[in-house]
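In my numbering, the protein residues as written are 24 to 399.
Quick notes on the structure that follows.
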Amino acid sequence: MTAGVYLHIPFCKSRCSYCDFATDVYRDSGAVERYVDAICAEIGTSKAEITPFVDTIYFGGGTPSLLTPAQLERILEAVRARFEVAGDAEITVEMNPATVTPEKLTGYRALGVNRASFGVQTFNDRDLKLLARGHDANDARNTFKMLRDAGFSNISFDLIIGLPGQTLEDWQRNLDEALALDPEHLSLYILEVHEATPLAEQIRSGRRTAPDEELAAEMYEHLLDRIAATEFEQYEISNFAKPGFASRHNTKYWRLEPVHGFGVSAHSFDGKARYWNVRDTAAYVDAVAGGRSAEAGRDEIDPARFASEFAFLNLRLTRGLSLVKYQQRTGIDLEREYAADLERLADAGLIEINGDVLRLTRRGMLFSNEVFAVFA
Ligand code: SF4
């Protein structure tokens, strides 16, 4: 089995109003250099708990596209020195509008970066302001053109639905524009309002309306209808790709395959345990620079937890959960063990069983948490 490598780059130009990720505002290149030193050191000293064969590398954040090609190169060199990276590895960098130049993108391409996960979020300038994204829709259009001009032929758009005040028509226009630009992949997120974010405070104080869950569900349904008439195929609840462009890295999470995580707050999975680093960038850099582990916690995956995760992570995928494979991996006959729950969920139109495969229905994708609760 091959593994993925996840690298967390916690710097952003400014902080978006809804964000609760581990991220810091980019202040000076010195801080970024120290961080790059630390992540390279962590990669170089990581223990071989997971297979050394790697076929996906993913720079997430934060805004990894704030890294210079030289910084990205140092990190990739550290990864290649520590692991056996496949020649055709998928190498993704999350990029935000107005954070790259043609020269930077050419530099990334020369280093083997072959996929861009592009943080468009919305093409509506009013909503971009509300989210304090720090760019406008034209920046997104221009950056997309730059990506194509630099030779990126595998681009994913991140889009958010369920924004305060966003109408169904707004979303339809957004989606039309996204599809007209013709990316290879779409990832859809329903806005979550996290406590302690400026957006949560704006909603509490009445300056913004709370997101409307039913309207978000309507937007999702509209997306499924619209996508059905295109080349895109849905392969996961929130992910859509043209044939051959499903994210190889993200699919590892849903298939419970191993991932080495490096950087502040990065999570790893070695098949037996999940473990993660501290969330504070200064504490992370201090720990690694001092030769100490940055690990902040660890969850052993006991057989019950494995069975639970195996069920609901596979159910996220449109190909569904193979009941035979589930029994082989867990020793549990799912149809017998959960007979009453499965009958209830099928009657509610949330799941269907065809031969060996248990799948969410379209309605089940909207109410997936109700299904996953059964296997929790
Ligand atoms: S760009 Fe992404 S990670 Fe950075 S502040 Fe905005 S939402 Fe958070």
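Just so you know, even glycine gets a beta-carbon here, dropped at the ideal spot from N, CA and C.
Keep in mind it's a predicted model, so treat the numbers as computed, not measured.
Asked: Measure the Cβ-Cβ separation of Asp-162 and Ala-121 and say whether it is below 7 Å.; Found: yes
Asked: Would you list, in sequence order, the uninterrupted alpha helix (DSSP H) runs of no fewer than 4 residues that lie entirely inside the stretch 99 to 163?; Found: 125 to 133 and 148 to 153
Asked: Three or more C-beta pairs closer than 8 Å, one from the stretch 115 to 135 and one from the stretch 277 to 296: is that the case here?; Found: no
Asked: Hey, could you find the ends of the beta strand (DSSP E) Val-282 is sitting in?; Found: 282 to 285
Asked: Does the distance between the C-beta of Glu-85 and the nearest non-hydrogen atom of the ligand SF4 fall short of 6 Å?; Found: Inspection of the sequence shows that residue 85 is occupied by Gly rather than by Glu. Flag set: Cβ of Gly-85 near the ligand SF4.
Asked: Using only alpha-carbon positions, find the residue among Asp-322, Arg-328 and Trp-299 that is nearest to Ser-316.; Found: Trp-299
Asked: Please name the residue or residues paired with Cys-63 in a DSSP beta bridge.; Found: DSSP output for Cys-63 lists no bridge partner at all.
Asked: With a threshold of 6 Å, establish whether the CB of Phe-44 neighbours any heavy atom of the ligand SF4.; Found: yes
Asked: Skipping 5 residues on each side, what residues in its chain have a beta carbon closer than 6 Å to that of Gln-225?; Found: Arg-231
Asked: Looking at Val-397: is its Cβ nearer than 7 Å to the Cβ of Asp-356?; Found: no
Asked: In chain order, what residues of the same chain have a beta carbon less than 6 Å from the beta carbon of Ala-155, not counting five sequence neighbours either side?; Found: Cys-39 and Ser-40
Asked: Spell out a yes or no on whether the stretch 385 to 397 and the stretch 332 to 348 are touching, meaning 3 or more CB-CB pairs, one atom from each, closer than 8 Å.; Found: yes
Asked: Whole-angstrom Cβ separation of Cys-63 and Arg-97, contact assumed at under 8 Å?; Found: 6 Å
Asked: From Ile-114, Lys-348 and Arg-359, pick the residue whose C-alpha is nearest to that of Asp-379; which is it?; Found: Lys-348
Asked: Assign Arg-385 to one of three DSSP states: helix, strand, or coil.; Found: helix
Asked: Smallest Cα separation from Ser-210: which of Gly-313, Thr-145, Tyr-49 and Gln-350?; Found: Thr-145
Asked: Any heavy atom of the ligand SF4 inside 6 Å of the beta-carbon of Arg-38?; Found: yes
Asked: Determine the burial state of Gln-351: buried for a count of at least 16 other Cβ atoms within 10 Å of its Cβ, exposed for fewer.; Found: exposed
Asked: For Ile-114 and Tyr-81, I'd like the C-alpha separation in whole angstroms.; Found: 6 Å
Asked: In chain order, what residues of the same chain have a beta carbon less than 8 Å from the beta carbon of Leu-99, not counting five sequence neighbours either side?; Found: Ile-80, Ile-114, Leu-134 and Gly-135
Asked: Would you mind working out which of Asn-165, Val-116, Asp-47 and Glu-236 sits nearest Ala-305, comparing C-alpha positions?; Found: Asp-47
Asked: Report the residue from Lys-168, Ile-178, Ile-66 and Met-24 whose alpha carbon sits nearest the alpha carbon of Ala-264.; Found: Ile-178
Asked: Any chance the CB of Cys-35 is under 6 Å from a heavy atom of the ligand SF4?; Found: yes
Asked: Over what stretch of residues does the beta strand (DSSP E) that includes Phe-82 continue unbroken?; Found: 76 to 84
Asked: What residue range does the alpha helix (DSSP H) around Leu-365 cover?; Found: 362 to 370
Asked: Which one or two residues does DSSP pair with Cys-35 in a beta bridge?; Found: Val-48
Asked: Identify the residues that DSSP records as bridge partners of Gln-189: which are they?; Found: None; Gln-189 has no bridge partner.
Asked: Could you tell me the boundaries of the beta strand (DSSP E) in which Phe-292 lies?; Found: 290 to 292
Asked: Given a threshold of 16 other Cβ atoms within 10 Å of its Cβ, counted over all protein chains shown, does Met-377 qualify as buried or as exposed?; Found: In the sequence as presented, Met is not what sits at residue 377; that position holds Asn. Asn-377 comes out exposed.
Asked: Excluding five sequence neighbours on each side, which residues of the same chain lie with their C-beta closer than 6 Å to the C-beta of Ile-73?; Found: Ala-26, Pro-281, His-283 and Asp-293
Asked: Using the Cα positions of Ile-413 and Ile-374, report the straight-line distance between them to the nearest angstrom.; Found: Not covered by the structure: residue 413. The range shown for the chain is 24 to 399.
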